[in-house]
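So the sequence shown is numbered by the working numbering: it starts at 954 and just counts up by one. A quick write-up on the structure given underneath.
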Amino acid sequence: MANRDLEFLFEIASLRNVPRGWRQHLGVDCASVLEHVVRTAFLALIIARREGGADENKVMKMALFHDLPEARVSDLSYVQKVYASADEDRATTDMLAETSLEDFAALFRETEAHESIEAKIVKDADNLDLELEIRELDSLGSPLPKKWEHIRRAVRDNKLFTESAKQIWDEIQVSDPHSWHLNMNKYLSGKDKII
């Protein structure tokens, strides 16, 4: 493995230390950019399966790379973007330069264009990950999700590209973020085996 490949791997690890841009406005602990990328990748795969017709390998690659430049330019919030801009294309190109993954810079640009079905799926997954996090905050009693309700509804109605993403958004609203483990607890579920 070339030195640039190792440098790239260490650099992407720094994403675990990059907070999401909206953390400043929520004032609560939330996922790092790296944590967001992981769940976004799984969300994208689920949307791709539900939609059908998308290249799942391409979707996964796009999802893994969609916030890559934030290792260099941070995750700007909607307020910060009024005053500052980030050259994410240059950051991505520079990060990948002379690595075994240099060709992925073009895939990042395609993702940002939101024109292909794969890029639309990844953007939907990106938005839905925030919705999942807001639902998690709501389950913990945070008042913030109610304040954002109209904004998130507008995202559902005006920003989500796929019907599958809209359906998942609706499912999130009535979901229990703790059901996955509570249903496995034999003392609560009455079951002796894990599903």
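Positions of the beta carbon are idealized from the N, C-alpha and C atoms, including for glycine.
Annotation: the segment 986 to 1067 contains the following complete segments of the alpha helix (DSSP H) (minimum length 4 residues), in chain order: 986 to 1004, 1009 to 1018, 1023 to 1026, 1033 to 1036, 1041 to 1049 and 1057 to 1066. DSSP links Pro972 through a beta bridge to Ser985. For the pair Asp1123 and Asp1129, the Cα-to-Cα distance works out to about 13 Å.
Buried is the label assigned to Asp1082, since at least 16 other Cβ atoms lie within 10 Å of its Cβ. Closest by C-alpha distance to Gln977, out of Asp1020, Tyr1031, Asn956 and Lys1014, is Tyr1031. Contact check for Met1015 against Glu1089 fails: the beta carbons are separated by 8 Å or more.
CA-CA distance, Ala1118 to Ile1074, rounds to 8 Å.
Short of 6 Å from the beta carbon of Val986, and not among the five residues preceding or following it, lie these beta carbons of its own chain, in chain order: Leu968, Val971, Asp1020, Glu1023 and Asp1028. At a cut-off of 4 residues, the continuous stretches assigned as alpha helix (DSSP H) that sit fully inside the segment 1088 to 1141 are 1097 to 1111, 1116 to 1126 and 1132 to 1135. Around Thr1115, the same chain offers Ile1000, Glu1004, Lys1073, Ile1074 and Asp1077 as residues with beta carbons nearer than 7 Å, after the five sequence neighbours per side are excluded. Shown here, Ser967 sits in a helix according to DSSP, grouped into three states.
Scanning Ala1059, Leu998, Phe1018 and Gln1126 for the CA closest to the CA of Phe961 turns up Phe1018. At least 8 Å separates the beta-carbon of Ala1037 from that of Thr1046.
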